[in-house]
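In our numbering, the protein residues as written are 226 to 696.
Taking it in order: structure first as structure tokens, then the write-up.
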């Protein structure tokens with residue numbers, strides 16, 4: 226049934242000229258033959274259309290030299306030099322200018338034709354239009370250069386890290402943050418981000434969990450150690466979990482911003498707010514206390530005024546009347562001083578406090594201060610001890626402010642000293658230091674050591690309960 230086929234001698238089978246022409250045209254390659262001087266002796270239709278001609282006949286009729294199509298003749302020289310050196314050129318890429326002026330990129334493969342003596346007589350080869358490929362590569366290269374420039378110049382740290390905590394990529398900003406000079410140095414230096422970077426050991430686990438749950442994190446704030454310097458910093462991270470096409474986790478990519486200064490500013494703001502709130506509370510307590518202080522001399526004024534009125538009706542003892550009137554004046558002066566204290570607070574806060582410095586007699590200052598608190602001391606049956614250095618006579622100071630300070634100290638000494646105790650005022654001159662030392666002491670409850678540092682904070686009362694207990 227089967228008929229044997231005769232053997233075919235492949236050496237004797239040759240494709241027809243038409244078949245060869247079709248094979249060449251459908252190859253999508255421009256074929257050429259030129260002389261050494263550049264005359265185009267042959268070019269197929271594909272080559273002709275590549276150069277802007279209708280067909281090979283139009284190319285042949287044009288008669289222009291191959292040199293005229295080169296955008297840069299150095300490309301032609303480079304190709305010929307390579308053929309001379311290696312016998313052929315395999316993939317020379319350069320630009321040609323079509324007859325319509327449009328530029329194209331081509332890839333040439335070719336060799337030299339030689340005579341029987343081996344001397345070159347022309348060139349044959351092929352040209353492939355690679356314009357789309359080259360322009361795509363150029364766009365990719367430009368895009369890569371753009372992203373590389375952003376990566377290198379970004380002020381925020383940019384990184385890629387492995388799932389197990391190794392640093393795979395990092396830009397200069399992140400290297401600088403961690404104290405490293407180069408990316409390679411940081412890649413080697415950081416072995417485990419979880420244990421070497423974060424101050425709080427569990428922070429990396431929280432970071433990874435959020436990425437696992439949501440695929441990204443935004444404004445993830447953490448305190449870290451700058452890896453090489455071990456300086457503590459605050460950072461804010463934005464990051465993504467990168468997966469492959471099958472959904473498998475590959476690595477993390479993200480940015481790091483140094484927010485240490487912002488955190489310090491926030492902390493300072495919180496501290497300032499806390500201090501302001503504390504000052505407001507202290508001011509409220511002070512005003513409550515000062516209202517009591519104002520009532521005391523006011524009550525004395527009213528009480529002694531009634532006594533004076535009674536005495537003027539029923540007594541001829543002018544000395545007693547004068548004494549009561551003096552108490553009224555002293556209490557009025559004290560009341561005025563308290564009101565001035567309140568006004569002084571406003572001046573101090575406004576930065577408008579001024580001192581009226583003059584030569585004042587220390588004896589007068591001390592006597593005036595003691596006189597203002599004498600009635601308070603007598604009511605509690607307190608003994609008053611004074612000791613004034615004879616060498617301390619005249620000083621240069623604001624007498625009213627100095628008296629104000631002494632009265633405040635003496636009033637507190639009286640307030641916190643139990644009935645029957647003693648208070649004292651001592652004044653001594655230190656000639657060498659050219660200073661005057663004032664000491665107000667009492668036999669009262671004293672001030673705990675841990676509270677003494679708060680003595681000079683504005684409006685602070687160390688213990689309001691004690692103020693109420695001791696009056």
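The beta-carbon is built from N, C-alpha and C at its ideal position, and this holds for glycine as well.
From a predicted model like this one, the values you see are computed outputs, not experimental measurements.
Where residue i falls, given that 16 or more other Cβ within 10 Å makes a residue buried
| i | result |
| --- | --- |
| residue 333 | buried |
| residue 501 | exposed |
| residue 289 | exposed |
| residue 370 | exposed |
| residue 237 | Bear in mind that a pLDDT of 47 at residue 237, under 50, signals an unreliable position, so the model cannot answer this. |
| residue 286 | exposed |
| residue 522 | buried |
| residue 621 | exposed |
| residue 429 | buried |
| residue 505 | exposed |
| residue 367 | exposed |
| residue 326 | exposed |
| residue 524 | exposed |
| residue 395 | buried |
| residue 233 | Reliability of the predicted coordinates at residue 233 is poor, the pLDDT of 37 falling under 50, and the value obtained from them is presented with this limitation in mind. By the 10 Å Cβ count, residue 233 comes out exposed. |
| residue 271 | buried |
| residue 676 | exposed |
| residue 673 | exposed |
| residue 678 | exposed |
| residue 426 | exposed |
| residue 553 | buried |
| residue 601 | buried |
Simplified DSSP state of residue i, which is helix, strand or coil
| i | result |
| --- | --- |
| residue 678 | coil |
| residue 615 | coil |
| residue 368 | helix |
| residue 271 | helix |
| residue 433 | helix |
| residue 693 | Residue placement at residue 693 is flagged as unreliable, the pLDDT there being 47, under the threshold of 50; the coordinate-derived value follows with that caveat. In this structure, residue 693 counts as helix in the three-state DSSP scheme. |
| residue 278 | coil |
| residue 633 | helix |
| residue 464 | strand |
| residue 578 | coil |
| residue 672 | coil |
| residue 260 | strand |
| residue 565 | helix |
| residue 645 | coil |
| residue 456 | coil |
| residue 339 | strand |
| residue 481 | strand |
| residue 308 | helix |
| residue 413 | helix |
| residue 324 | coil |
| residue 605 | coil |
| residue 474 | strand |
| residue 297 | coil |
| residue 550 | helix |
| residue 718 | Since the first and last residues shown for the chain are 226 and 696, residue 718 lies out of range. |
| residue 623 | coil |
| residue 391 | coil |
| residue 425 | coil |
Sub-8 Å separation of residue i and residue j beta-carbons
| i | j | result |
| --- | --- | --- |
| residue 476 | residue 385 | yes |
| residue 321 | residue 331 | yes |
| residue 447 | residue 465 | no |
| residue 338 | residue 346 | yes |
| residue 348 | residue 259 | yes |
| residue 642 | residue 671 | no |
| residue 252 | residue 268 | no |
| residue 483 | residue 402 | yes |
| residue 624 | residue 661 | no |
| residue 277 | residue 313 | no |
| residue 391 | residue 416 | yes |
| residue 317 | residue 299 | no |
| residue 587 | residue 618 | yes |
| residue 632 | residue 650 | no |
| residue 255 | residue 352 | yes |
| residue 265 | residue 291 | yes |
| residue 611 | residue 595 | yes |
| residue 414 | residue 399 | no |
Whole-number beta carbon distance between residue j and residue i, since they are thought to touch under 8 Å
| i | j | result |
| --- | --- | --- |
| residue 526 | residue 560 | 7 Å |
| residue 614 | residue 638 | The Cβ separation is near 20 Å, so there is no contact. |
| residue 444 | residue 463 | 7 Å |
| residue 377 | residue 397 | 6 Å |
Please determine if the stretch 642-655 and the stretch 596-613 are in contact, where contact requires at least 3 C-beta pairs separated by less than 8 Å.
-> These segments touch.
Does the stretch 450-464 touch the stretch 403-415, meaning 3 or more C-beta pairs lie closer than 8 Å?
-> Yes, the stretch 403-415 touches the stretch 450-464.
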